[in-house]
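Student: Can you keep this structure in mind? I'll have questions shortly.
In my numbering, the protein residues as written are 3 to 179.
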């Protein structure tokens, strides 16, 4: 006669087995990060052209757009590189407080971040270092110290190399907005 297992115990056993299989070898390497040659984002992003308008130049870039909570939380995690004129723009529906910073948990490349106001005017630029800690609580936060409506992350050194500074403007899309 077959053995009967209560349905609740069966579901718990299946869930435990699925988690064990995922942890055992179906996921990233031992450090929890994807290998250098296999970036596979868990979240999809739309991308768009954008511009940074300085006093002397207009810099054309392409950005992935993080506008939902899950996209903003995931950001550039796991990526091992960005193209020279590629970045990620973080859009918020409301003004963010001065102490609402970004962190670099599971972010593998050093980045610069430009926080900007509703009109696109850059209000703070910071340099952020990757956080090797496996525990997100061990990662530093990078708050701008001023309210903002959005942020643009680019490779470290991008803004300085092109003379981008506070007061310059970020415009998403090709219009003159």
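Cβ coordinates follow ideal geometry from the N, Cα and C atoms, glycine included.
1) If we count the other Cβ atoms within 10 Å of its Cβ and call it buried at 16 or more, is residue 39 buried or exposed?
2) Could you check which residue in 107, 59 and 63 has the C-alpha nearest to that of residue 139?
3) Which class does residue 140 belong to by DSSP, given the choice of helix, strand or coil?
4) Can you give the beta carbon distance from residue 101 to residue 156, rounded, assuming they're within the 8 Å contact cut?
5) Where do the ends of the beta strand (DSSP E) carrying residue 126 lie?
6) From residue 53 to residue 169, what distance separates their C-alpha atoms?
7) Use the C-beta contact count for residue 95: other C-beta atoms within 10 angstroms, 16 or more gives buried, fewer gives exposed.
8) For residue 156, which residues does DSSP report across the bridge?
9) Look at the alpha carbon of residue 82 and the alpha carbon of residue 160, and state the distance between them as a whole number of angstroms.
10) Leaving out five residues before and five after residue 112 in sequence, what residues of the same chain have Cβ atoms less than 8 Å from its Cβ?
11) In the DSSP assignment, what are the bridge partners of residue 52?
12) Let me make sure I understand the geometry here. Which of 64, 68 and 45 has the alpha-carbon closest to that of residue 151?
13) Reducing DSSP to helix, strand and coil, say where residue 102 ends up.
14) Going by other Cβ atoms of all chains shown within 10 Å of its Cβ, with 16 needed for buried, is residue 122 buried or exposed?
15) In terms of alpha-carbon separation, which member of 72, 73, 49 and 71 lies closest to residue 63?
16) Can you tell which of 90, 117, 118 and 125 has its C-alpha closest to the C-alpha of residue 109?
17) Quick one: what's got a C-beta closer than 6 Å to residue 172's C-beta in the same chain, skipping five residues either side?
18) From the DSSP secondary-structure annotation, give me the bridge partner or partners of residue 90.
Tutor: The answer reads as follows:
1) Annotation note: pLDDT 47 at residue 39 (below 50); position unreliable, coordinate value reported separately. Burial call: exposed.
2) Answer by Cα proximity: 107.
3) Three-state DSSP puts residue 140 in a helix.
4) About 23 Å separates the beta carbons of residue 101 and residue 156, which is beyond the 8 Å limit, so they are not a contact pair.
5) Start and end: 124-130.
6) So the two alpha carbons sit approximately 14 Å from each other.
7) Exposed, because fewer than 16 other Cβ atoms sit within 10 Å of the Cβ of residue 95.
8) The beta-bridge partner set that DSSP reports for residue 156 consists of 114.
9) Roughly 16 Å between the two C-alpha positions.
10) These residues qualify, in order along the chain: 129, 130, 131, 132, 157 and 158.
11) Looking at the DSSP assignment, residue 52 forms a beta bridge with 63 and 174.
12) Ranking the options by Cα distance to residue 151, first place goes to 68.
13) Reduced to three states, the DSSP call for residue 102 is coil.
14) It counts as buried.
15) Taking the Cα of residue 63 as reference, the smallest distance to any Cα among 72, 73, 49 and 71 is reached at 49.
16) Of 90, 117, 118 and 125, the smallest CA-CA separation from residue 109 is found for 90.
17) So the list reads 54, 118, 122 and 154, once near-sequence residues are dropped.
18) Beta-bridge pairing links residue 90 to 66 and 155.
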